[in-house]
Amino acid sequence: KRGCSVIPLHFCLSECDRQNALHSVQVLSGYSHGWELRPIMLDHREVVSDILRRLRIIGEERWSCIFCKRALLLKACQVASEMGAHGIVMGDSLGQVASQTLSNMEVISFAIPMPVLRPLIGLDKTEIVDLARRIGTFPAATRSDTACPFLPHRPVTGGSLEKLQQIARRLAEVEVPAQ
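Residue 1 is where the sequence shown starts when you use the UniProt record's numbering, and the numbers rise one by one after that.
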């Protein structure tokens, strides 16, 4: 909107997920005002599977949403840096899911090397759905064939930086058996 080019990055869980993301990019290209959108699609599992295995080994699966989101955000920063980008834009909305409580967003964003922009942060679910319908991305956003396979029973909703750092130290010491 303000003269910034956008590099759509999506972490796919399935081929259907990938196709939905590509459809959304196609719709959003109508709003790009001359910038060509060149999406990057990465395998969600490839980015997070090692960290999630380690969390299981140490019995901290409840922290999966936080560590998963951090891993994706750090990978996004790596891609952004390689592409010469200066920030990350996310679709977080306060309180919609476990990783989007204010305390969890604070923990997830700790030591992220780029600005993280969250333009939907103050909108509720109804407002976001209305916006998605208005701009044409709603159908693709609702056609997923894959629920998150990593969602733990009772995910942490009030994470603390101290606990994150404690778990991160333990994770660094874990040897993951070959599969």
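From the three backbone atoms N, C-alpha and C, an ideal C-beta is built for every residue, glycine too. Note that the structure is a prediction, hence the values are computed from the model and not measured.
List the endpoints of the continuous alpha helix (DSSP H) containing Met83.
Indexing the sequence shown from 1 puts residue 83 at position 83. It spans 64-83 - the alpha helix (DSSP H) in which Met83 sits, taken as one unbroken run.
What do you reckon, are the CB atoms on Leu161 and Val107 nearer than 7 angstroms?
As a first step, residue 161 must be located in the sequence shown, where it is residue number 161. As a first step, residue 107 must be located in the sequence shown, where it is residue number 107. Cβ atoms of Leu161 and Val107: closer than 7 angstroms.
Touching by the beta-carbon criterion (3+ pairs, under 8 angstroms), the segment 74-83 and the segment 112-119
Yes, they touch.
Bounding residues of the alpha helix (DSSP H) (the contiguous stretch that carries His44):
Your numbering for residue 44 matches position 44 in the sequence shown. Going by DSSP, His44 is part of the alpha helix (DSSP H) stretching over 44-57.
Quick check: Ala21 and Cys65, are their CB atoms within less than 7 angstroms of each other?
Within the sequence shown, residue 21 is the residue found at index 21, counting from 1. Within the sequence shown, residue 65 is the residue found at index 65, counting from 1. Contact: no.
Helix, strand or coil: how does DSSP classify Ile88 here?
Translated into positions along the sequence shown, residue 88 becomes position 88. In the displayed model, Ile88 falls within a strand according to three-state DSSP.
If the criterion is Cβ atoms closer than 7 angstroms, does the pair Leu120 and Ser93 meet it?
Residue mapping note: residue 120 aligns to position 120 of the sequence shown, counting from 1. Residue mapping note: residue 93 aligns to position 93 of the sequence shown, counting from 1. Against a cut-off of 7 angstroms, the Cβ pair of Ser93 and Leu120 comes out as a contact.
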